[in-house]
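A.B. asks:
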Amino acid sequence: MAKLTLDDLRKLRDEKKKTLSRRSAEGKRAEVVIGMGTCGIAAGAKAVFDAFLDEMSKAGIEDVTIKQTGCMGLCFSEPTVEVLCDDMPHVVYGNVDDKTARRIVREHLAGKALVSDHIFDKPSTDIIKHR
Amino acid sequence: MAYKNYILVCAGTACESNKGKALYEALQKEIAAAGVEAEAQLVKTGCFGFCEQGPIVKILPDESFYVKVGPKDAHEIIAEHIVKGRKVERLLYKEDKPESDPRSSDISFYRKQLRIVLRNCAVINPEIIDEYIARDGYAALEKALFEMTPDEVVKEVTDSGLRGRGGAGFPTGRKWQFTKNTPADQKYIVCNADEGDPGAYMDRSVLEGDPHSVLEAMTIAGYTVGANCGFIYIRAEYPLAIERLNTAMAQARDYGLLGDKILGTDFSFDIEIRLGAGAFVCGEETALLASIEGNRGMPVPRPPFPAVKGLWGKPTVINNVETYANIPVILLKGSKWFSSIGTETSKGTKVFALTGKINNSGLIEVPMGTTLRDIIYDIGGGIAGGKEFKAAQTGGPSGGCITAAFLDTPIDYESLQSIGSMMGSGGMIVMDEDDCMIDVTKFYLEFTVDESCGKCAPCRIGGRTCYNILDRISKGQGVPEDLQKLKDIGHAMRKASLCGLGQTAPNPFMSTMKYFEEEYRAHIEDKKCPAGKCKQMLTYTIDPEKCVGCTACARRCPVSCISGEVKKLHVIDQSKCIKCGQCYAACKFDAVKKV
């Protein structure tokens, strides 16, 4: 490794910051939760996860966390994806495939418009939070 | 392709000694076996602080906090959590409260903490410089070199109110100022990593979890005072910290962040490690410098202070690990921000190694001014086994005890001193009703007597004499004059000893005599140890009413001093009893009495 100049160091920091920020849930404006129960995985949730990661890095979106969770109970409409965006209604998308995932990233996360034709439901109430 | 999950595994000494390394390797194997190398990144981190519950595994971004994880759990974590996305419920940390949420940021152990010094511990991999850089690492150095004059750096550090975290609490900015203002052809920067208090491991954890923060701060100090050479004095018994420091220094040199012409400027600075043999006195700055020079580690009178005349007679900045770890944050966030945290006279945070009779022992960092009650009951989760709190010992062998009456005192340098203890480097040992204060005091004094370098008489002879008196008291041979004698010798040691070791060695007994005088009197006058700790004063007897003659005690007794037939009363022969307490532990009928 060659010795760094000031510019090199700054560039390196910016670049590594992006990598590291994927780990953290702090300072994120939205959360994408992908149902990865057996049913979800069988229906292609892994490919959907990859599509989200890929499309988000293409679109340069850094402030969204992607998490996986177990079965959401909507096994008939798997893969299901819950999107919790700060200033938008929380929604669950059903039957999400590679193409829909990319649309969600571009339209919902970047464009702030719901992908209406794939909305399945609003998320169930979190009884732990509301007790 | 980016990773979907990040598996953070603690690789501090505490967790590593608890099969943490085998766990890391098992996880690595399981990840490969499940074929998820591209989906989950395994990250080795520094100490999470929650050592009581270690080894700890944290999974991001969903913040699952797994505790007491063993190598055999690796398969389940990978197969369930990583592959299927289902949390392994049985390993999640749970609190006793019903509304507990297993996310790590909500755990009460962490809620009252403010992590400045430990900002990167358990967040980054300390062996990868890029991760440090991503967390604004070396940005403070950049700022100092390109945007600030040395005077501005001194002003920022002075204004922040940062004081030495090694124990004495001298203002860091003023130290730097003295060295900067002393003209010399050569100056040095020294890091005191000779952490020696029993039960303390703050500095070790910082060096293991975030070595670059210390390297960066030393480099900034070098730029500020005009030094091009630094030494880290660390004890050889910290092999992991040394290894991580060496890795970090090699990486920093590679990047040109250490060495000649740093970041293309005219400023050059490099650091070397010096290993100490673990002598406690070498934590004293003048003894430490003597040891670096290759001489026997013995203190010399001050002044002159090292800031003016230090290593090889040259002006030397010497700060402790934790002090340095604060510097980059102060330069980046500003002195105003830093000085807004803490109390009037003590700014910022303090790291404590919380140990003893406490539920959550571990490494914690709290703002100055936090009360002992918050630390013990909220963060520490209260006294183990539901026992009564008796005292907390701070400042190690140089410190004293804080009693229940002072639980609500906001902790800072001055308040601790006013109640007869001291901040010290951050060891905090919690004691409950079963602890005998004479026993504890004896332990600390034995330590300082052992570690005294022997150069000056007050420390060498005074310490030994006081130890003998305490030993006598604990054996039931104390006389009423002993208390006054301890006080007199203690005063002489404080006034006449050459260095901090001797001056502070009387603190443990001076403090306990002040707050637990009745306990001393009980030992001396009644020949009784109220806590039942001092063996020589105990008598074990068998209650004839309760003894059923089960023979359990007689069978356990190592010296066979209990006689009695089956289903008949048993008797202890006091002349043979060695007071080991085995019969007391063995009796299921509460018939063995300890008085």
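These protein sequence lines are chains A and B, in that order. For the first sequence, our numbering begins at 1 and goes up steadily by one. For the second sequence, our numbering begins at 1001 and goes up steadily by one. All C-beta atoms, glycine included, are put in the ideal place defined by N, C-alpha and C. Quick caveat: nothing in here was measured; it's all calculated off a predicted structure.
The alpha helix (DSSP H) that contains B:Q1393, what's its start and end?
C.D. replies: Unbroken run through B:Q1393 is the beta strand (DSSP E), 1389 to 1394; no alpha helix (DSSP H).
A.B. asks: Is B:L1263 close to chain A, meaning its C-beta is less than 7 angstroms from at least one C-beta of that chain?
C.D. replies: Closer than 7 angstroms to some Cβ of chain A, the Cβ of B:L1263 qualifies, so yes.
A.B. asks: Can you pull the chain A neighbours of B:F1146, defined as C-beta to C-beta under 9 angstroms?
C.D. replies: Those are L6, listed as they occur along chain A.
A.B. asks: Can you give me the start and stop residues for the beta strand (DSSP E) that B:K1175 sits inside?
C.D. replies: Careful: B:K1175 lies outside any beta strand (DSSP E), inside the alpha helix (DSSP H) at 1172 to 1181.
A.B. asks: Checking the sheet assignment: what are the DSSP bridge partners for B:G1276?
C.D. replies: Partner(s): B:R1235.
A.B. asks: Taking one C-beta from the region 1164 to 1174 of chain B and one from the region 1209 to 1219 of chain B each time, how about it: are there three or more such pairs within less than 8 angstroms?
C.D. replies: No, because fewer than three Cβ pairs between the region 1164 to 1174 of chain B and the region 1209 to 1219 of chain B fall closer than 8 angstroms, the two stretches do not touch.
A.B. asks: Could you check whether the Cβ of A:R13 sits closer than 7 angstroms to any Cβ belonging to chain B?
C.D. replies: So, interface residue.
A.B. asks: Let me see if you follow: with CB-CB separation under 7 angstroms, is A:R102 close to chain B or not?
C.D. replies: Cβ-Cβ to chain B under 7 angstroms: no for A:R102.
A.B. asks: Note down, in chain order, all residues in the region 61 to 82 of chain A with a beta-carbon under 8 angstroms from any beta-carbon belonging to chain B.
C.D. replies: From the region 61 to 82 of chain A, only T65, I66, K67, Q68, T69, G70 have a Cβ closer than 8 angstroms to chain B.
A.B. asks: Return the chain-ordered list of same chain residues with a C-beta closer than 7 angstroms to the C-beta of B:A1586, the five sequence neighbours on each side being excluded.
C.D. replies: Counting only Cβ-Cβ distances below 7 angstroms, and skipping sequence neighbours, we find A1552, C1553, R1556.
A.B. asks: Which complete alpha helix (DSSP H) runs does the region 22 to 70 of chain A hold, if anything under 4 residues is left out?
C.D. replies: The qualifying runs are 38 to 42, 45 to 59.
A.B. asks: B:I1271 and B:G1230 - do their beta-carbons sit closer together than 7 angstroms?
C.D. replies: Yes, the Cβ-Cβ distance between B:G1230 and B:I1271 is below 7 angstroms.
A.B. asks: With burial defined as no fewer than 16 other Cβ atoms inside 10 Å of the residue's Cβ, what is the status of B:F1146: buried or exposed?
C.D. replies: Exposed, because fewer than 16 other Cβ atoms sit within 10 Å of the Cβ of B:F1146.
A.B. asks: Does the distance from the C-beta atom of A:E82 to that of A:V33 stay below 7 angstroms?
C.D. replies: Yes, these two residues count as a Cβ contact at 7 angstroms.
A.B. asks: Evaluate contact between the region 1526 to 1543 of chain B and the region 1456 to 1470 of chain B, counting only Cβ atoms and requiring at least three cross-stretch pairs below 8 angstroms.
C.D. replies: Judged by Cβ distances under 8 angstroms, the region 1526 to 1543 of chain B makes no contact with the region 1456 to 1470 of chain B, as fewer than three pairs qualify.
A.B. asks: Looking only at its own chain, which residues have a Cβ that is under 6 angstroms from the Cβ of A:A45, when we skip the five neighbours before and after it?
C.D. replies: Closer than 6 angstroms at Cβ, skipping near neighbours: I34, M36, P79.
A.B. asks: Counting only beta-carbon atoms, is A:L84 nearer than 7 angstroms to chain B?
C.D. replies: Not closer than 7 angstroms to any Cβ of chain B, the Cβ of A:L84 fails to qualify, so no.
A.B. asks: Is there a Cβ from chain A that is less than 7 angstroms from the Cβ of B:S1100?
C.D. replies: Here the model assigns B:S1100 a pLDDT of 46, short of 50, so the residue's position is not dependable, and the following value carries that caveat. Cβ-Cβ to chain A under 7 angstroms: no for B:S1100.
A.B. asks: Does the region 1112 to 1119 of chain B touch the region 1356 to 1375 of chain B, meaning 3 or more C-beta pairs lie closer than 8 angstroms?
C.D. replies: Yes, they touch.
A.B. asks: Going by beta-carbon coordinates alone, are B:D1439 and B:K1533 separated by less than 7 angstroms?
C.D. replies: It is a contact, given that the beta carbons lie within the stated cut-off.
A.B. asks: Would A:K16 pass as a contact of B:I1133 if the rule is Cβ separation under 7 angstroms?
C.D. replies: Yes, the pair counts as a contact, with Cβ atoms nearer than the cut-off.
A.B. asks: Who are the Cβ neighbours of B:L1407 in its own chain at under 6 angstroms, not counting the five residues just before and after it?
C.D. replies: Result list for B:L1407: L1372, R1373, in chain order.
A.B. asks: Label B:K1004 either buried or exposed according to how many other C-beta atoms from any shown protein chain fall within 10 Å of its C-beta, with 16 as the threshold for buried.
C.D. replies: Label assigned to B:K1004: buried.
A.B. asks: Please report the residue range of the alpha helix (DSSP H) in which B:P1458 lies.
C.D. replies: 1457 to 1474 is the span of the alpha helix (DSSP H), which, as asked, contains B:P1458.
A.B. asks: Please state whether the Cβ-Cβ distance between B:A1122 and B:G1046 is less than 7 angstroms.
C.D. replies: Yes, the Cβ-Cβ distance between B:A1122 and B:G1046 is below 7 angstroms.
A.B. asks: Let me check one thing: in DSSP terms, what residues is B:E1365 bridge-paired to?
C.D. replies: According to DSSP, B:E1365 bridges with B:V1351.
A.B. asks: Per DSSP, what kind of secondary structure is B:D1408 in: helix, strand or coil?
C.D. replies: DSSP places B:D1408 in coil when its eight states are reduced to three.
A.B. asks: If the cut is a Cβ gap below 7 angstroms, which residues of chain D does A:K58 touch?
C.D. replies: Of the chains in the structure shown, none is chain D; the protein chains are A and B.
A.B. asks: Does chain B have any CB closer than 7 angstroms to the CB of A:L109?
C.D. replies: A:L109 does not count as touching chain B.
A.B. asks: Measuring straight from C-alpha to C-alpha, what distance separates B:Q1536 and B:I1578?
C.D. replies: Taking the straight line joining both Cα atoms gives about 9 angstroms.
A.B. asks: Thinking C-alpha only, which one of B:T1182, B:G1020, B:E1039 is nearest A:K67?
C.D. replies: A:K67 has its Cα closest to that of B:E1039, out of B:T1182, B:G1020, B:E1039.
A.B. asks: Grouping DSSP H, G and I as helix and E and B as strand, with all else coil, what is B:N1246?
C.D. replies: Of the three classes helix, strand and coil, the one that applies to B:N1246 here is helix, per DSSP.
A.B. asks: Using a Cβ cut-off of 9 angstroms, pull out every chain B residue sitting near A:G37, in sequence order please.
C.D. replies: Going along chain B in sequence order, the residues near A:G37 (Cβ under 9 angstroms) are K1084, G1085, R1086.
A.B. asks: Helix, strand or coil for B:S1452, going by three-state DSSP, please let me know.
C.D. replies: Coil.
A.B. asks: Roughly how many whole angstroms lie between the Cα atoms of B:K1068 and B:I1056?
C.D. replies: Spanning the two alpha carbons is a distance of roughly 6 angstroms.
A.B. asks: Determine, using beta carbons only, whether B:V1351 and B:E1322 come nearer to each other than 7 angstroms.
C.D. replies: Yes. Within cutoff.
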